[in-house]
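S.K.:
Numbering (my numbering), first residue to last: 2 to 325.
1) Whole angstroms is fine: what's the gap from residue 227's alpha carbon to residue 172's?
2) As an exercise, report each continuous beta strand (DSSP E) stretch of at least 3 residues that is fully enclosed by the segment 240 to 291, in chain order.
3) Going by beta carbon distance, what residues of the same chain come within less than 7 Å of residue 160, once the five residues before and after it are set aside?
4) Which one or two residues does DSSP pair with residue 14 in a beta bridge?
5) Please state the DSSP three-state secondary structure of residue 130.
6) If distances are taken between C-alpha atoms only, which option among 50, 97 and 168 comes closest to residue 145?
7) Excluding the 5 residues flanking residue 267 on each side, which residues of the same chain have their C-beta closer than 6 Å to its C-beta?
8) My parser needs the alpha helix (DSSP H) runs of 4 or more residues fully inside the segment 147 to 198; what are they?
9) Which of helix, strand or coil does DSSP assign to residue 312?
10) Whose C-beta lies closer than 8 Å to the C-beta of residue 155 among residues of the same chain, with five residues either side of it excluded?
11) Considering only their Cβ atoms, is the gap separating residue 166 from residue 77 smaller than 9 Å?
12) Take residue 130 as the anchor and find which of 320, 250, 301 and 5 has the nearest alpha-carbon.
13) Applying the criterion that 16 or more other CB atoms from any shown protein chain within 10 Å of the CB defines a buried residue, is residue 2 buried or exposed?
14) Rounded to whole angstroms, what is the Cα-Cα separation between residue 18 and residue 162?
15) Can you name, in chain order, every residue of its own chain whose Cβ lies under 7 Å from the Cβ of residue 75, other than the five neighbours on each side?
16) Note the first and the last residue of the continuous alpha helix (DSSP H) segment covering residue 67.
17) Note down the Cα distance separating residue 120 from residue 315, rounded to an integer number of angstroms.
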């Protein structure tokens, strides 16, 4: 039996030039490099330059993914961009990327699920391919979280960074078996009852920009449990077990969350791609950034089974299983 699969054919990322080490916060906050590292695993992060927007970062990551795939912008049918920090209220950042790339056809739209945004975008792109709507989709995660930080709040402002990652999915034939390349299963979830533990206290309706607010202990408690559960659900849907997984590429929020989730999944850290030390939490950009770095470093190879999982404000969380 033949089946359609959404297969990754290119991947790329972009990080702003400005690197901010933990030590830079010591002059303005009651914190230290050791304190930040011990609680989060973060050592440095990148901040966008003045005037540099989310769509700018996204466009650079998109160009890298196109080059990786050997494709031109007009080879694409759609762009799905995950972000919580779009340049403007509207139009979407995705349409800005479309214009910057010189893509003259197709369609583009944003997805907003905060740190889970890329998983949601990947799920949407996969569905577009399986439905026959498109042949190729550029999926991007891009953020400039430095624009919504309260620089007096040491519990949040040291955790986040800016960046973008992208991959291209292409419709290819498969057998319907787990041996196929491409997206194998998806699991998405949300629970709006927990919105107060991670949110931005502003928005269009309140005519304010606002700052990110987080109850760290509560987020941690939900994160480990829900991330392991969604990854297991995604694997169970296709009868796969963790011993068949080559790499977990998690949302890069906190090394302790990453370690706790890996332990619950019964996977050693040697099979987890970790970039949080270099990028901080880049929200929707963190998984595609880590995927791109994992490919560049030679960790992720064609044929590998990869599980991605993320949780963000909403709460929204989910996982995707794919064969690279």
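Beta carbons are placed, not taken as given, at the ideal position from N, Cα and C, and that holds for glycine.
M.R.: Taking the structure as given:
1) Rounded to the nearest whole angstrom, the C-alpha separation of residue 227 and residue 172 is 30 Å.
2) 248 to 251
3) 41, 43, 281 and 282
4) 166
5) helix
6) For residue 145, the nearest C-alpha among the options comes from 50.
7) 243
8) DSSP runs (the alpha helix (DSSP H)) wholly in the segment 147 to 198: none.
9) strand
10) Answer for residue 155: 26, 30, 31 and 32, listed in chain order.
11) no
12) If we check each option's Cα against that of residue 130, 5 comes out closest.
13) In this predicted model, residue 2 has a pLDDT of only 48, less than 50, meaning its place in the structure is not dependable; the value taken from the coordinates is given anyway. With fewer than 16 other Cβ atoms within 10 Å, it is exposed.
14) C-alpha separation (whole angstroms): 12 Å.
15) Result list for residue 75: 104, 105 and 106, in chain order.
16) 55 to 70
17) Roughly 14 Å separates the two Cα atoms.
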